[in-house]
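Visitor:
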């Protein structure tokens with residue numbers, strides 16, 4: 000199950016077999032300004048994974064904000080979801096809504112120039 004509202008994605012899955020995984024997560028986000036890197040998105044991933052409480056934050060600069068799923072996957076793996084099941088963004092429709100919301104919040108357009116120093 001997944002639900003989206005601007006600024007927040009909620010994803011939930013209940014294990015159906017002993018080898019399956021469970022999680023109930025909210026990924027909230029907002030535009031913030033970093034003094035050195037400029038505008039970006041502050042993310043907070045909180046809830047539970049495999050019955051373990053999760054409350055993790057991460058910040059991504061504007062140029063890298065679309066890559067939030069990589070950070071979400073890494074956090075999921077740290078909390079015990081096996082690599083082959085760690086792509087918890089399988090609700091593509093909801094991730095698409097989140098991508099569009101982030102694009103609008105950051106006023107990003109296709110072809111915008113990027114600061115390559117943010118990728119070093």
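Residue numbers (our numbering): 0 to 119. The beta carbon of each residue, even a glycine, is placed where N, CA and C say it ideally should be. Since the structure is predicted, the reported quantities are computational estimates derived from the model, not experimental observations.
Can you give me the C-alpha to C-alpha distance between residue 30 and residue 38, rounded to a whole angstrom?
Guide: Numbered from its first residue, the chain shown carries residue 30 at position 31. Numbered from its first residue, the chain shown carries residue 38 at position 39. In a straight line, the C-alpha of residue 30 is about 7 angstroms away from that of residue 38.
Visitor: Exposed or buried, what is residue 82 when buried is set at 16 or more other beta-carbons lying within 10 Å of its beta-carbon?
Guide: As a position in the chain shown, residue 82 is number 83, starting the count at 1. By the neighbour-count rule (16 or more Cβ atoms within 10 Å), residue 82 is not buried but exposed.
Visitor: Ordered along the chain, which non-local residues of its own chain (more than five positions away) have a Cβ less than 6 angstroms from that of residue 57?
Guide: Taking the first residue of the chain shown as position 1, residue 57 is located at position 58. Only 42 and 70 meet the Cβ criterion.
Visitor: Pull up the DSSP beta-bridge partners for residue 20, would you.
Guide: As a first step, residue 20 is located in the chain shown; it is residue number 21 there, counting from the start. Paired residue(s): none; residue 20 is not in a bridge.
Visitor: Can you tell me whether DSSP reads residue 97 as helix, strand or coil?
Guide: Within the chain shown, numbered from 1, the residue matching residue 97 stands at position 98. Three-state result, residue 97: helix.
Visitor: What's the gap between the Cα of residue 102 and the Cα of residue 50?
Guide: Residue 102 sits at position 103 when you count from the first residue of the chain shown. Residue 50 sits at position 51 when you count from the first residue of the chain shown. About 33 angstroms.
Visitor: Assuming residue 107 contacts residue 61 (C-beta within less than 8 angstroms), just tell me the rounded distance between them.
Guide: One-based indexing of the chain shown puts residue 107 at position 108. One-based indexing of the chain shown puts residue 61 at position 62. That belief holds up - the Cβ atoms of residue 107 and residue 61 are roughly 7 angstroms apart, short of 8 angstroms.
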